[in-house]
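Taking my numbering, the leading residue of the sequence shown gets 1, the next gets one more, and so forth.
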Amino acid sequence: MTPDLITKYDARVPRYTSYPTAPHFHAGVDGSRYGQWLAHLDSDTDLSLYIHIPFCDTLCWFCGCLTTVVNRPEPIRHYMDYLLQEIDRVAEQLGDTRRVTHVHMGGGSPTILSPDQFHALFDRLRKHFTFTDNVEIAVEVDPRGFKESAADALAEIGLTRASIGVQDLDPEVQKAVNRIQPFETTRDVVDMLRARGVNGLNIDLMYGLPHQTAPGTVATVQRLMTLSPDRVALFGYAHVPWMKKHQRLISEDDLPTAQQRLDQFDRASATLRDGGYVPIGLDHFAHPKDPMAQAHAAGELHRNFQGYTTDNAQALVGLGVSAIGGLPQGHAQNVKAVRDYAEMLDRGELPIERGIELTAEDRLRGDVIGRLMCDLTVDAAAVAREHGFDPAIFHDALDQLDDMVADGVVQRDGYVVTVPDTYRLLVRTAASAFDAYLQNSERRHATAV
Ligand SMILES: C[S@@+](CC[C@H](N)C(=O)[O-])C[C@H]1O[C@@H](n2cnc3c(N)ncnc32)[C@H](O)[C@@H]1O
Ligand code: SF4
1 MTPDLITKYD
11 ARVPRYTSYP
21 TAPHFHAGVD
31 GSRYGQWLAH
41 LDSDTDLSLY
51 IHIPFCDTLC
61 WFCGCLTTVV
71 NRPEPIRHYM
81 DYLLQEIDRV
91 AEQLGDTRRV
101 THVHMGGGSP
111 TILSPDQFHA
121 LFDRLRKHFT
131 FTDNVEIAVE
141 VDPRGFKESA
151 ADALAEIGLT
161 RASIGVQDLD
171 PEVQKAVNRI
181 QPFETTRDVV
191 DMLRARGVNG
201 LNIDLMYGLP
211 HQTAPGTVAT
221 VQRLMTLSPD
231 RVALFGYAHV
241 PWMKKHQRLI
251 SEDDLPTAQQ
261 RLDQFDRASA
271 TLRDGGYVPI
281 GLDHFAHPKD
291 PMAQAHAAGE
301 LHRNFQGYTT
311 DNAQALVGLG
321 VSAIGGLPQG
331 HAQNVKAVRD
341 YAEMLDRGEL
351 PIERGIELTA
361 EDRLRGDVIG
371 RLMCDLTVDA
381 AAVAREHGFD
391 PAIFHDALDQ
401 LDDMVADGVV
411 QRDGYVVTVP
421 DTYRLLVRTA
431 ASAFDAYLQN
441 SERRHATAV
């Protein structure tokens, strides 16, 4: 990819973990509306649960997640009390709809919970919900300070997959982002989990961090491949200091340029491909035998609020502050502050802050964007017909792609739109042509590359 094409198309566009995207949620969707949505789900609807734990031991300066640093157990205990209450309240609304196929604990760092807290959480979930035999139970792991006792507790609750945060192994980069984590720390966590039968292991890496270089990124990837992870995520650092004030601790002079970021991604990606990993969508790589690679090959990969997933449950229920749920009727997000969360639960309300009810057109556009983000290709006319729409609805969107087509960044054959492998990092920009909400003036996202 040439630098001028990056500059031209490296727009500030959403990551499309939902459509419509979160900035378009509004206060018209509140706890009572969301409660009705839950109550009206069919009893045979498969559920997926996302549980947000908004705490960490220390702050990584690049962090874009919703988290707070805590050094005492009380705030976590207080939060967990309310989380259990929210689970009770949601289960009450759901009535008989209780079959769960996926549980994902994200954060923050869920591994900050004590063994007793993991057990209390899963005892409560199992009290209300029926986990299917092949349920996926996943957790995001901060390897620093991870103990054998945490590995025991996670194995006991039935953990099947762990996403281990690494980012980069270069000590200079680690220092520049306030995250010291030697390779051995990660290796020990992998060993602890595998020894307990947790076999789905993902590693999170980043490019575009301060002082990061392409050779350094390659060295990081090579060393981590010796641990044979099943999946690797390679996230581009989203530098949004106007939203995440602590990112100002990172000097912009130390950040790589757009071209350097691209080199880092290309070289790391080539190393993963040479190592036998299959590239998936924007930023994932999976071992060919991993379910994500298989779902991708079958055209059955999905994108939800956590990114790429094999999860095809019809209803995603978000639990905990800031968590977003996606139901057939629409999306809804919980309040972000623990104080508001606790107050709303004390008042007997579901702690929803905002959301959006989906129209038929939202569902259609969401499907087109989702297929493009997952498969890098979509037959927009076929999707339109499946949804009962005239494909002509996409004429404006296709016209908007003209420049990208002329530059070879997108290929188009009638209604079939394809982003070639070389330009996969620009898939968000291509997808944004189908986004009816996006205003050109909207610049609240990180750059696409
Ligand atoms: C919730 S964290 C993972 C678990 C744990 N908190 C940790 O960091 O080890 C999720 C992942 O998001 C990615 N991430 C965090 N901030 C980011 C940012 N500003 N831009 C891109 N990726 C980011 C990192 O790769 C991180 O591992
Ligand atoms: S990257 Fe992970 S460990 Fe670091 S502050 Fe963010 S959530 Fe916490």
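Every residue gets a Cβ at the ideal spot worked out from N, C-alpha and C, and that includes glycine.
Can you round the beta-carbon distance between D142 and S109 to whole angstroms, since I take them to be within the 8 Å contact cut? 4 Å
Could you name each continuous beta strand (DSSP E) segment of 3 residues or more that falls completely within the segment 370 to 439, going from the start of the chain to the end? 377 to 379, 411 to 413, 416 to 418
DSSP state of H239 mapped onto helix, strand, coil: coil
Secondary structure at F131, three-state DSSP: helix, strand or coil? strand
Taking 8 Å as the cut-off, decide whether the C-beta atoms of S48 and D311 are in contact. yes
Could you tell me if the beta carbon of S322 falls within a distance shorter than 7 Å of some heavy atom in ligand 2? Flag unset: Cβ of S322 not near ligand 2.
Kindly list the residues whose CB is nearer than 6 Å to the CB of F235, restricted to its own chain and excluding five residues on each side of it in sequence; keep chain order. Non-local C-beta neighbours of F235 in its own chain, meaning closer than 6 Å and more than five positions away in sequence, comprise M206, D283, ordered along the chain.
Across the segment 300 to 315 and the segment 9 to 20, are there enough close Cβ pairs to call them in contact, namely three or more that are closer than 8 Å? yes
Identify, in the order they occur along the chain, each residue of the same chain with its Cβ nearer than 8 Å to the Cβ of D152, setting aside the five sequence neighbours on each side. P115, R196
Please classify S441 as buried or exposed, where buried requires at least 16 neighbouring CB atoms within 10 angstroms. Because S441 sits at a pLDDT of 44, beneath the cut-off of 50, its placement in the model cannot be relied upon, and the following sentence gives the value as read from the coordinates. Per the 10 Å Cβ criterion, exposed.
Confirm the yes/no value for this check: CB of V141, any heavy atom of ligand 1, distance under 7 Å. yes
Pull up the DSSP beta-bridge partners for C56, would you. Partner(s): V69.
Cutting at 8 Å between CB atoms, please list the residues of its own chain near G388, excluding the five before and the five after it. A360
CB of G281 to nearest heavy atom of ligand 1: below 7 Å? A distance criterion of 7 Å places the beta-carbon of G281 beyond contact range of ligand 1, judged by its closest non-hydrogen atom.
Taking DSSP as the reference, what is the three-state secondary structure of R196? coil
Which residues in the same chain have their Cβ closer than 7 Å to the Cβ of P20, if we skip the five residues on either side of it in sequence? I356, D362, Y437
Whole angstroms is fine: what's the gap from R443's alpha carbon to D10's? Model confidence at R443 stands at a pLDDT of 46, short of 50, so the residue's coordinates are unreliable and nothing is read from them.
Proximity to C374 [Cα-Cα], best of A323, D266, A430: A430
What's the C-alpha gap between P420 and G208? 22 Å
Any heavy atom of ligand 1 inside 7 Å of the beta-carbon of Q174? no
Ignore the nearest five residues each way along the sequence and tell me which others in A293's own chain have a CB closer than 6 Å to its CB. The residues are V278, A286.
Buried versus exposed, by CB contacts within 10 Å (16 or more), W37: Around the beta-carbon of W37, 16 or more other beta-carbon atoms lie within 10 Å, marking it buried.
Around the C-beta of D435, are 16 or more other C-beta atoms found within 10 angstroms, so that it is buried, or is it exposed? Of the other Cβ atoms in all chains shown, 16 or more fall within 10 Å of the Cβ of D435; this residue is therefore buried.
Contact check, V70 vs I76, beta carbons under 8 Å: yes
Which runs of the alpha helix (DSSP H), 4 residues or longer, sit entirely within the segment 149 to 207? 171 to 176, 183 to 195
Residue from I393, E140, D88, P182 whose Cα sits closest to the Cα of T111: E140
Please give me, in chain order, every unbroken run of the beta strand (DSSP E) with length at least 3 that falls completely inside the segment 333 to 366. 352 to 357
Can you find the residues in the same chain that come closer than 8 Å, C-beta to C-beta, to D123, ignoring five residues on each side of it along the sequence? none
Same chain, Cβ closer than 8 Å to G330, neighbours up to 5 away in sequence not counted: V29, W37, G355, I356, E357, L358
Just reading off the beta strand (DSSP E) that F285 is part of, what are its end residues? 284 to 286
Along the alpha helix (DSSP H) that carries A262, what are the first and last residues, could you check? Before going further, note that residue 262 is Leu rather than Ala in the sequence given. Its alpha helix (DSSP H) spans residues 258 to 274.
Which residue or residues does DSSP assign as beta-bridge partners of L49? For L49, the pairing in a beta bridge is given by DSSP as V103, V317.
Under a Cβ-count criterion, where at least 16 other Cβ atoms within 10 Å of its own Cβ denotes burial, should E86 be classed as buried or exposed? buried
Enumerate in chain order the residues of its own chain whose CB-to-CB distance from R273 is below 7 Å, with the five nearest sequence positions on each side excluded. P279
Taking 8 Å as the cut-off, decide whether the C-beta atoms of G64 and A238 are in contact. In contact: G64 and A238 (Cβ atoms closer than 8 Å).
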